[in-house]
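Colleague: Offset between the sequence shown (1-based) and our numbering: plus 3. Idealized CB from N, CA, C, for every residue including glycine.
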Amino acid sequence: MELVRDGLNRYRIPRRGKMRVDAVIYVNDYLRRFLGEDKALEQLMNAACLPGVVEPVIGMPDIHEGFGLPIGGIMAVAPDGVISAGAVGMDINCGVRLIRTDLEARHFNKSLLRRLIERIEHYVPTGIGKKGKHQGITRRIFEEVVHRGVTAVIEAGFGRPGDEEYIEEMGCLPGADISACSRRACERGEVQLGTLGGGNHFIEIQRVTDIFDEELARSFGLFEGQLTIMIHTGSRGFGHQICTDYTNKLAAAAKRYGIELPDRGLACAPIDSPEGKAYYQAMACAVNYAFSNRQIIMADVARAFADVLGQSPEEMGFQLVYDVAHNIAKWEEHGGRRLLVHRKGATRALCAGHPANPPVYRRTGHPALIPGSMGTSSYVLVGTEKAAETFFSVNHGAGRLLSRTAAEKKITKEEFERAMGDVVYNVRSYKDLLDESPTAYKDIEQVIQTLVDRGITRKVARMCPLAVVKGVD
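(1) Between the segment 387-394 and the segment 428-442, can you find at least three pairs of beta-carbon atoms closer than 8 Å?
(2) Assuming Lys347 and Gly98 are in contact, meaning their beta carbons sit under 8 Å apart, how far apart are those beta carbons, in whole angstroms?
(3) So Ala241 packs on Gln195, CB below 8 Å; how close in whole Å?
(4) Any idea what DSSP makes of Leu44, helix, strand or coil?
(5) On a CA-only basis, which of Gly152, Tyr433, Lys113 is nearest Ile299? Give me that one, please.
(6) Look at Asp446 and Tyr33 and say whether their C-beta atoms are less than 9 Å apart.
(7) Which residue marks the beginning of the beta strand (DSSP E) containing Asn96, and which one marks its end?
(8) Compare the Cα-Cα distances from Glu336 to each of Cys175, Ile414, Pro82 and report the closest residue.
(9) Could you give the residue range of the beta strand (DSSP E) that holds Asp65?
(10) Can you tell me whether Asn112 is buried or exposed? The criterion is at least 16 other CB atoms within 10 Å of its CB, across all chains shown.
(11) Arg465 to Gly201, Cα distance in whole Å?
(12) Whose C-alpha, out of Asp25, Cys175, Leu101, Ile140, is nearest the C-alpha of Gly160?
(13) Looking only at its chain, what residues have a beta carbon closer than 7 Å to the beta carbon of Arg351, apart from the 5 residues adjacent to it on each side?
(14) Apart from the five residues on each side of it in sequence, which residues of its chain come closer than 6 Å, Cβ to Cβ, to Met93?
(15) I'd like to check one pair, Ile208 with Phe230: are the Cβ atoms closer than 9 Å?
(16) To the nearest angstrom, report how far apart Pro481 and His399 are at their CA atoms.
(17) Quick one: using the 10 Å Cβ neighbour count with 16 as the cut-off for buried, is Gly197 buried or exposed?
(18) Within the same chain, show all residues whose beta-carbon is closer than 6 Å to that of Val344, passing over the 5 residues directly before and after it, in chain order.
(19) Tell me, please, which residues DSSP counts as bridged to His345.
(20) Decide yes or no for the touch test of the segment 53-62 against the segment 21-39: beta carbon pairs closer than 8 Å, at least 3 of them.
(21) For the beta strand (DSSP E) containing Gln209, list its first residue and its last residue.
(22) Taking C-alpha atoms, which residue in Met48, Val30, Ile28 lies nearest to Pro265?
(23) Round the Cβ separation of Val91 and Ile262 to the nearest angstrom and send it over; I've been treating them as touching at under 8 Å.
(24) Comparing alpha-carbon positions, which option in Gly368, Glu278, Pro468, Tyr364 lies nearest Cys354?
(25) Of all the options Cys467, Leu44, Arg403, Val304, which has the alpha carbon lying nearest to the alpha carbon of Ile102?
(26) Just checking my contact of Asp216 with Val463 at CB under 8 Å: how many whole Å lie between their CB atoms?
(27) Three or more beta-carbon pairs under 8 Å between the segment 304-317 and the segment 119-126, yes or no?
(28) Which residues mark the beginning and the end of the alpha helix (DSSP H) in which Gln298 is found?
(29) What would DSSP say about Gly386, mapped onto helix, strand or coil?
(30) Taking its Cβ as the centre, do 16 or more other Cβ atoms sit within 10 Å of Met4, making it buried, or is it exposed?
(31) Are there 16 or more other CB atoms within 10 angstroms of the CB of Glu190, so buried, or fewer, so exposed?
(32) For the candidate residues Leu405, Val455, Glu40, Thr442, whose alpha-carbon lies nearest to that of Phe419?
(33) Have a look at Ala478 and His67 and give me their C-alpha separation to the nearest angstrom.
(34) Please report the distance separating the alpha-carbon of Arg494 from that of Arg461.
(35) Based on the DSSP secondary-structure assignment, which residues constitute the bridge partners of Pro273?
(36) Could you tell me the distance, in whole angstroms, from the CA atom of Met423 to the CA atom of Tyr444?
Written out as structure tokens, the structure reads:
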């Protein structure tokens, strides 16, 4: 496969065969050597074959093989093109939320951190298939949640009015319609609001170790030595079921509409077809569900801190900084064109002054939140005007180097413990976390620096983990 250098930290795969547009990948010299170790580039080329795709299809520095579009992939489509469930992903609106406090991390020793994560687990069920602890409320408001997003859970007592101003899409993607969701999807969704899940999902207590832009950091309420909390989870079994349902439906639809699929994982249908419209409606339900799930978890984390520290969330200065989606498709304006932008394992990063920014961050550009792997740094960034070349998108994390199976086979106890350092975690056996070991992921510093050096992002702050809650079976 031909990779042509196309400026600093960018490579191009020229259109060939059935590709309708070029593909572009952002990597520096260090990350370039990992390209070709899986099928991610092939998947990017496959996406470039779909009807209506707009040049270029993009791979971020954390790119790795997924189902359909690679994780770390961006695909923009014209209104007469297609919508694909595989270009959004299984965990619809898997995303990250950052909470700031007025607390100083230096006051939190390992004993206190362990008490905090144990109390968080008391309120927030973790692990695959776990059911929420607020079902008396969440079952009743489930339909409101999928249509109205976080406003519905705020009104039910989770968080404060105004939190929605610090969430992408104000916590509600328009166009949701529960009638597009299967009974099985709804059954799974009704009982899982307020749960973390497993895999790479986490709740992390962090310390702000570095401030790179004092003015922006002040605007975001961040300072060196501060204690922050990051929540990473998505739409749980609800979104997974919707993706499964519509991968099958869209594969059948593609055949009816005469669309040649380069890969079944990219099953798709015309955006304005009945099948395409139904998928968007169902996907929007899952997007709103995921925003609400993180809102409930944030409220429960605040309760856990209040229990342990004996202070109210207001006294501790608990405040949402921002909440960003990773796996989503939504309508946006780019270069004067209305496009349906699919982001799979990618984060929106609008520049200062962009009209799509939330009002509270219109002047600065909204925070782009980039979690590292477990045990490594996470970042707050902002996009620049140059981010227009990526449809105002950046990476969503570090990106896997080893599959889960390979990590479990190759990483030793000594390697795991060395990588985790002094980080407190909630799992007794290291074997339960081997597939999430920092050594199973790319170097977050290299991934971040790739787009910084390109001029697409600016670093605002770096946070290092103190304690982490993971979900295991």
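Modeller: Reading it off the structure:
(1) no
(2) Their Cβ separation, rounded to whole angstroms, is 12 Å, which puts Lys347 and Gly98 out of contact at 8 Å.
(3) Note on identity: in this sequence residue 241 is Phe, with Ala being the wrong assignment. 7 Å between Cβ atoms; contact.
(4) helix
(5) Gly152
(6) yes
(7) First-last for Asn96: undefined, no H or E at that position.
(8) Pro82
(9) 60-67
(10) exposed
(11) 25 Å
(12) Ile140
(13) Glu171, Val327, Phe395, Ser396
(14) His243, Cys246
(15) Here residue 230 is Leu; the residue named in the question, Phe, does not match the sequence. The answer is yes: Cβ separation under 9 Å.
(16) Because the chain spans 4 through 476 in this model, residue 481 falls outside it and cannot be assessed.
(17) buried
(18) Ala79, Glu335, Phe394
(19) Met78, Ala332
(20) yes
(21) 205-214
(22) Met48
(23) Contact doesn't hold; Cβ gap of about 17 Å is too wide.
(24) Gly368
(25) Val304
(26) 5 Å
(27) yes
(28) 277-312
(29) strand
(30) exposed
(31) exposed
(32) Thr442
(33) Nothing about residue 478 can be read from this structure; the chain reaches only from 4 to 476.
(34) What is shown of the chain runs 4 to 476, which leaves residue 494 out entirely.
(35) Val85
(36) 13 Å
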